[in-house]
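These notes concern the structure reproduced below.
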Amino acid sequence: MKILILHQAPFKKMRYDHVIDHQQHQVTYIGLAKHLSDLPEALRYQKIVLPPAAEKNLVSEVLARVSPSDDYSSLLALSEYGILEACHIRAELGLAGPSYEQIEVVRDKVKMKQRIAARGTLRYPRFIDAPEQVIQGGWRGKTISKPRDGASSQGITLHESFAAAVEYVEDKTGWNNYELEEFIDAPLYHFDGVVIAGEVQHLLASRYINSPLKYLAGVPVGSFQVVLNDTFRRFIDEVIAALGIVRGCFHIEAFYDGETCIFLEAANRLGGARIVETHRSRTGVHLPSVEISDYLALPLPRQQPASTHYFGFLLYPAHHSLDAQTLNIPEGILGSPHLVSFQRTGAQADILTYNEDLLPLSLIARAETPHQLQLFLQRCLTEISTH
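Sequential numbering from 352 applies to the sequence shown in our numbering.
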């Protein structure tokens with residue numbers, strides 16, 4: 352098989368080689384130099400380095416270097432920043448894959464909420480995406496403004512009122528590609544798994560500590576796995592059906608008030624941060640391998656044993672000038688049986704990122720119960736300090 356891989360996410364998370372025998376198949380990785388730099392030298396493959404212009408013109412830069420005559424049989428694109436573009440590339444190369452319309456639903460935050468609303472049984476925040484909707488009055492209280500196709504919380508702003516949010520959009524961003532959304536004051540959860548032949552598999556639920564919005568403001572963020580109840584299962588089944596997700600990994604975020612889930616957003620791709628690792632630690636399943644195996648119709652490698660422990664993580668942001676050397680981790684944290692691993696790095700990222708290799712500190716923890724895990728992670732947030 353001749354496989355083209357649009358390589359954007361860290362190789363250590365994707366581990367394409369778990370499923371794809373690089374000796375048996377012809378594998379070509381295409382991407383920016385900064386992404387291709389983490390490919391293992393021991394593997395057999397070809398690589399195509401894209402110029403910096405590909406940051407904004409990915410489709411044209413890829414198609415300038417590959418064509419239908421190359422006879423690729425599949426194109427893999429597992430990062431959020433390439434899944435829409437991959438639809439255009441597949442179409443030009445004559446390759447099978449999801450349509451642009453299918454993927455757009457799980458990238459456009461307005462279209463996905465419209466699908467959720469049409470379901471008729473799911474709760475979601477009120478929202479508007481056009482100036483003519485403002486005269487309808489909106490709602491009272493805090494309001495979020497954000498890009499319709501944004502990722503990693505970039506471009507999101509919290510406003511004290513609907514009126515303030517309208518003024519901000521009209522003065523600063525314009526309505527093109529922006530929406531306003533009702534702020535929901537409830538705990539935020541994320542749900543991660545994979546859909547195979549229309550069936551949800553390997554589902555886990557996790558509750559955020561702090562939130563991606565607070566992380567944007569420079570506050571550490573994390574999450575911890577919780578018990579998967581019937582409310583969560585029914586909610587995810589309905590969301591998957593409403594959005595028409597029939598295959599691939601998913602990352603769905605929702606508020607939970609103790610009784611019902613309130614949809615926030617969804618993505619038909621892997622969750623970021625340390626989710627791949629913590630999910631595998633709990634279930635034994637490497638989600639990228641399941642997705643790659645399904646797409647390429649290749650055997651799934653043996654998974655590691657599942658654990659009875661619950662797992663979680665914390666990320667300390669770099670975009671607010673935190674320095675790894677100034678973060679003090681007390682001996683009580685370092686010696687705790689709850690601490691699985693931690694990673695310091697001297698790298699400094701001047702952009703918002705959830706990649707632990709570019710953060711001053713990240714850690715993974717475990718406990719026998721979600722409550723114990725939550726308490727340990729909160730202890731970390733309290734005791735890990737700058738000096």
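Glycine is no exception: its CB is placed at the ideal position from the N, C-alpha and C atoms.
Report task. Take the Cβ of N527 as the centre, count every other Cβ of all protein chains shown within 10 Å, and call the residue buried at 16 or more, exposed below. Result -> Reading the sequence shown from its first residue, position 176 is the one you call residue 527. By the Cβ-count criterion, N527 is exposed, with fewer than 16 other Cβ atoms from all chains shown falling within 10 Å of its own Cβ.
Report task. Pull up the distance between the alpha-carbon of A442 and that of Y451, whole angstroms please. Result -> The residue you call residue 442 lines up with position 91 of the sequence shown. The residue you call residue 451 lines up with position 100 of the sequence shown. Answer to the nearest angstrom: the Cα atoms are 9 Å apart.
**Report entry** Close Cβ partners of L427 (< 6 Å) along its chain, the five nearest in sequence each way excluded
**Finding:** Taking the first residue of the sequence shown as position 1, residue 427 is located at position 76. Closer than 6 Å at Cβ, skipping near neighbours: I356.
Query raised in the report: Given a threshold of 16 other Cβ atoms within 10 Å of its Cβ, counted over all protein chains shown, does H722 qualify as buried or as exposed?
Result: By 1-based counting over the sequence shown, the position of residue 722 is 371. With fewer than 16 other Cβ atoms within 10 Å, it is exposed.
Report task. Determine, using beta carbons only, whether I381 and L401 come nearer to each other than 9 Å. Result -> Taking the first residue of the sequence shown as position 1, residue 381 is located at position 30. Taking the first residue of the sequence shown as position 1, residue 401 is located at position 50. Note that the C-beta distance between I381 and L401 is below 9 Å.
Requested in this report: Over the uninterrupted alpha helix (DSSP H) stretch that includes D543, give me the two end residues.
Outcome: Translated into positions along the sequence shown, residue 543 becomes position 192. Careful: D543 lies outside any alpha helix (DSSP H), inside the beta strand (DSSP E) at L539 to I547.
Report task. Let me know if D659 comes out buried or exposed under the rule of 16 or more other beta-carbons within 10 Å of its beta-carbon. Result -> Here the question's residue 659 lines up with position 308 in the sequence shown. The residue you asked about is not Asp; residue 659 is Thr in the sequence shown. With fewer than 16 other Cβ atoms within 10 Å, it is exposed.
Query raised in the report: Hey, G573 and I560: beta-carbon distance below 9 Å or not?
Result: Taking the sequence shown and counting its residues from 1, one reaches residue 573 at position 222. Taking the sequence shown and counting its residues from 1, one reaches residue 560 at position 209. Yes, Cβ-Cβ distance for G573 and I560 is below 9 Å.
Query - Among A592, D368, H369 and A405, the one whose alpha carbon lies nearest that of K385 - result: Taking the sequence shown and counting its residues from 1, one reaches residue 385 at position 34. Nearest option by C-alpha distance: A405.
**Report entry** DSSP three-state assignment for V570, whether helix, strand or coil
**Finding:** For the purposes of this step, residue 570 is taken as the residue at position 219 of the sequence shown. Annotated three-state conformation of V570 is coil, per DSSP.
Query raised in the report: In chain order, which alpha helix (DSSP H) runs of at least 4 residues are fully inside the segment 417 to 450?
Result: Here the runs fully enclosed are 434 to 444.
Query - Nonlocal neighbours in the same chain, by C-beta distance under 8 Å from S512, ignoring five residues either side - result: On the sequence shown, position 161 is the one that residue 512 refers to. Here the set comprises R491, G492, K493 and T494.
**Report entry** Secondary structure, alpha helix (DSSP H): runs of 4+ residues fully inside the segment 585 to 614
**Finding:** Counting only runs of 4+ residues, no alpha helix (DSSP H) is found wholly inside the segment 585 to 614.
**Report entry** Alpha-carbon spacing of L383 relative to Q359, whole angstroms
**Finding:** By one-based count along the sequence shown, residue 383 stands at place 32. By one-based count along the sequence shown, residue 359 stands at place 8. Looking at the two C-alpha atoms, the distance is approximately 8 Å.
Query raised in the report: Who are the near neighbours of C292 in its chain, counting only those whose CB is closer than 6 Å to its CB and skipping five residues on each side?
Result: One cannot answer for residue 292 here, as it falls past the ends of the chain, which runs 352 to 738.
Requested in this report: If I'm right that V546 touches F601 with Cβ under 8 Å, what's the distance once you round it to whole angstroms?
Outcome: Walking along the sequence shown from the start, residue 546 turns up at place 195. Walking along the sequence shown from the start, residue 601 turns up at place 250. Rounded to the nearest angstrom, the Cβ distance from V546 to F601 is 6 Å, consistent with a contact under 8 Å.
**Report entry** Uninterrupted alpha helix (DSSP H) stretches inside the segment 370 to 405 (no shorter than 4 residues)
**Finding:** Within the segment 370 to 405, complete alpha helix (DSSP H) segments of at least 4 residues are found at 384 to 387, given in chain order.
Query raised in the report: Would the beta-carbon of F614 fall within 9 Å of that of Y475?
Result: Residue mapping note: residue 614 aligns to position 263 of the sequence shown, counting from 1. Residue mapping note: residue 475 aligns to position 124 of the sequence shown, counting from 1. Going by C-beta atoms, F614 is nearer than 9 Å to Y475.
**Report entry** Closest Cα partner of L320 within the set K462, V378, Q655 and I702
**Finding:** This structure leaves residue 320 out entirely; the chain is present only between 352 and 738.
Query raised in the report: What are the start and end residues of each continuous alpha helix (DSSP H) run of 4 or more residues lying completely inside the segment 507 to 535, in chain order?
Result: Taking only runs of at least 4 residues, the alpha helix (DSSP H) segments lying wholly in the segment 507 to 535 are 513 to 519.
Query raised in the report: Which runs of the beta strand (DSSP E) spanning at least 3 residues fall entirely within the segment 605 to 664, listed in chain order?
Result: Counting only runs of 3 or more, we get 612 to 618.
Requested in this report: Can you give me the Cβ contacts of R499 inside the same chain, cut-off strictly under 6 Å, excluding the 5 residues immediately before and after it?
Outcome: Counted from its first residue, the sequence shown places residue 499 at position 148. Excluding residues up to 5 positions away in sequence, D459, K460, V461, N528 and E530 lie with their Cβ nearer than 6 Å to the Cβ of R499 in the same chain.
Query raised in the report: Counting Cβ pairs, one atom from each stretch, are 3 or more of them under 8 Å apart for the segment 625 to 639 and the segment 710 to 722?
Result: Short answer: they touch.
Query - Which of helix, strand or coil DSSP assigns to P563 - result: Locating residue 563 in the sequence shown gives position 212, counting from the first residue. In the structure shown, P563 sits in a helix (DSSP, three-state: H, G or I).
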